[in-house]
Amino acid sequence: MPHPTYASYLRLDELLSSQQPLTPPEQRDLSDSERLFIVVHQASEILLSQVLVDLGHLDAGRCGRSCFTHRVDRAVRLVDALTGQLTLLRRTLRREDFLRFRDRFGTASGLESEQFKELFLRVRRLTRHGGDARPPEEARHLGELDDAVRRWRSTHLELVGHMLGDLPGTGETSGGRFLAARLDGGPAGERPAAPPPGSKRGPDRGDTPAPRSGPAAPVPSASPAASAPSPGNRDRLRHVVVVGGSVAGLLTAHVLADHAERVTVLERDHYEDAPGPRAGVPQSRHTHVLLTSGMNALDELLPGLLTELAEAGAPRLAVPGDLGVWQAGQWISRRNPSAPIMTPSRPLLEHRVRRRVLAGPRIDVRTGTEVTGLLGRPGHITGVVVRERGAAHHTRQDLTADLVVDATGRAGRTPQWLAGLGGRPPAEEVVDTGRAYATCVFHADDPAGDLKGFYIVPDAGQPFGAIVLPAEGDRWLVTLSGPRDEAPPTDPEGFTDFADRLPHPAVHKWLSTAHPVTRPVGYRHTANRRRRYDRLGRDHTGLLVVGDAFCALNPVYGQGLSVAALSAVALKRELAGGRVPPAHALQRAVLRSSRPAWDVATGADSPMPGAAGNAVRGGPVARLLDRYLARVRDRVPGDPVVCTANRDVLFLLAPPRTLLTSPRVLRRALLTTAVPTPRDLPTP
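In terms of the numbering used here, the sequence shown is numbered consecutively and its last residue is 687.
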């Protein structure tokens, strides 16, 4: 028997001849767009067929522990790939093209996909039956599968809303709302009765505008992530109260305003008309960055905001293309630049976000207002107790709400308020290195070597760090950090002298010629602290905790603003189904969106000398992982493949596990020798 060729093995003749648009070929652009639509859906069905192979193997009970983990993990990745197919369609198929060729489908609908029906049945069977009897590791992996299907569902619904808006769907359905109902449960084949001849469908017939969702992609009979609508589910919230008017609170208010009759933001401070530091934001005088992931998220939430920031002078930088980055005892080569990051000051960013968000017609803000407690009972929050800041206790008012959002930051008092109602506060996970830092604003010339800043990365063997970045207004923000009991001084001369302790003299040499504009401002609250509100139980209603009040990260890694934006995007996608899910589901979405940043920060801090807390990673497995990651770090400066993979993790564009699962990174980390770079300042 002759060996197959590549083409015959994959049966390419059949595969590549199966894309047959119904648009006449003379309408070339439209025909090619319809072909794209077909290709993406065919690719989805092919990927789905492999998911069903793995789930069928699990369902039949043929797997041991290792096989179970491998097959579920593969199914999760494939379902995430299906989600990526929908994202690809949104980014590459123009809505106007879709609306021109969609009528050619007739009554064909993604509801007819038998594979998606089978997917949801199998996932439900695996996750809902016998769950309590499963070993914890199996249950965790199945939970990840459940989350992956939830992400697919949310992305699908969002795509339908983008493509259809208020228009009816194919197959004589009402479009997005019908799709959302089918995804939440009910017979997959059920369709509304056809309208009488001559009648119209759409908003003028009283149809509810479609939620943000997806076109005629395959639709299952029921979602395992939403198998039975909770009593807390509803089409719209009457009133949402957001406690805390900083970036995380504002972005959350912006997302929830699309699903509520009104949103009230409560803020202790009084807002100024122009950007400026606020007493209620201790970080407002320190260096901030928007990672690439955070920029992407903000652009999705508030289109045009990045342009506004750039026009206001916020710099855009490539890393390490524009920065001198010192890691693992050497400079990282600048020949492998990243997509840009932005370095606006915190006051500028917050001012522009606030101006955009508070322009929303359903959002009100009350400044100078303190929240002193919660209303309700354990497990069921119904509002907050407020008073004017500085007023006597007898001036308190009760403010009721369907949902209370705590966005009050690290100092949030929700755990104490829950205990005051007789409930239990959330468990806390902590990793604390005792690191302290200080920030000073300078006027200075650009550093030598065409650089626009420095980043000296601290690690277990070298505990001193520096971040030197430009900000708007021809200013430089310089943050120096040290380990426990070695905080940078807060006088300008001592601050500059402290830079001499860094592992390379470049920063100290540059600072010695710079002129301080302000006195250095210190900060010591750098513990990573995650409060597990997601573990309070599915029956807890009325409360959502976001931002640092939920997951506070060591600020020296510059993740906070990006995580706030990513969490808001996660909430937006969770809410895309047209009905408001229970608070527990929203809290889990926030958890998932912040988990990569938590893993990065705690993974970097756990090996630091003096690290303490119940979430510090230890034991032989952690030590083995640290040894491997040290090899990865050693290769970052001179290996473009390892550098890119590591940077994508740090910028929250890829999960940390990719450093362990990428064959290219594994091969370089384990089998190659690190390539040294020159000790002199790196050149482009």
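Quick reminder that beta carbons are idealized off the backbone N, C-alpha and C, glycines included.
| Check | Outcome |
| --- | --- |
| 3-residue-minimum beta strand (DSSP E) runs that sit fully inside the region 441-525, ordered along the chain | 457-459, 468-474, 478-485 |
| Reference T442; option with closest CA among P666, V520, A430 | V520 |
| Cβ separation of A604 and V258, assumed to be a contact under 8 Å, to the nearest whole Å | Contact doesn't hold; Cβ gap of about 24 Å is too wide. |
| R638 and R591 closer than 7 Å at C-beta | no |
| Element boundaries [beta strand (DSSP E), containing G297] | Unbroken run through G297 is the alpha helix (DSSP H), 295-304; no beta strand (DSSP E). |
| Separation of P381 from V284, as counted between CA atoms | 30 Å |
| Cutoff 7 Å; reference G316; Cβ partners in own chain excluding five residues on either side | E475, G476 |
| Own chain partners of P428 with C-beta closer than 6 Å, once the 5 adjacent residues on each side are dropped | P418, L421, A422 |
| Limits of the unbroken alpha helix (DSSP H) element including Q419 | 417-423 |
| Cβ neighbour criterion (16 or more within 10 Å) applied to E117 | exposed |
| Close Cβ partners of R14 (< 7 Å) along its chain, the five nearest in sequence each way excluded | none |
| L92 versus F40: straight-line alpha-carbon distance, rounded | 7 Å |
| Outcome for G3 when other beta-carbon atoms lying within 10 angstroms are tallied against a minimum of 16 | Since the first and last residues shown for the chain are 4 and 687, residue 3 lies out of range. |
| Reduced DSSP secondary structure (H/G/I, E/B, other) of L578 | coil |
| Identity of the residue in P523, S47, L684 nearest S287 by Cα | P523 |
| Through-space distance from A263 to G464, alpha-carbon basis | 51 Å |
| Own chain partners of I384 with C-beta closer than 6 Å, once the 5 adjacent residues on each side are dropped | L377, V407, G545, L546 |
| Own chain partners of L301 with C-beta closer than 6 Å, once the 5 adjacent residues on each side are dropped | L308, A568 |
| Under 7 Å between C-beta atoms of A618 and E432 | yes |
| Nearest residue (CA-CA) to R128, options R94, D100, H60, R156 | H60 |
| Run of the beta strand (DSSP E) containing V322, from where it starts to where it stops | Neither: V322 is in no beta strand (DSSP E) and is coded neither H nor E. |
| Bridge partner(s) assigned by DSSP for I344 | L320 |
| Whole-angstrom distance between A600 and F457, CA atom to CA atom | 22 Å |
| Residue closest to A404, alpha-carbon to alpha-carbon, out of A78, Q30, V246 | V246 |
| Limits of the alpha helix (DSSP H) - the one that D606 falls within | What sits at residue 606 in the sequence shown is Gly, not Asp. 586-608 is the extent of the alpha helix (DSSP H) around G606. |
| Of the residues L656, H354, R487, the one placed nearest M611, counting alpha carbons only | R487 |
| Bridge partners - V246, DSSP secondary structure assignment | L269, D409 |
| CB of T529 within 7 Å of CB of T290, strictly | no |
| Identity of the residue in L253, P643, R77 nearest V356 by Cα | L253 |
| DSSP state of N617 mapped onto helix, strand, coil | coil |
| Q562 classed as buried or exposed, judged by whether at least 16 other C-beta atoms fall within 10 angstroms | buried |
| Those residues which DSSP pairs with L240 across a bridge | A263 |
| Residue from F553, T130, R667, F498 with nearest C-alpha to D409 | F553 |
| Beta-carbon gap between H587 and R532 smaller than 7 Å | no |
| Simplified DSSP state of E141, which is helix, strand or coil | helix |
| For Q30: DSSP bridge partner residues | Per DSSP, none; premise fails for Q30. |
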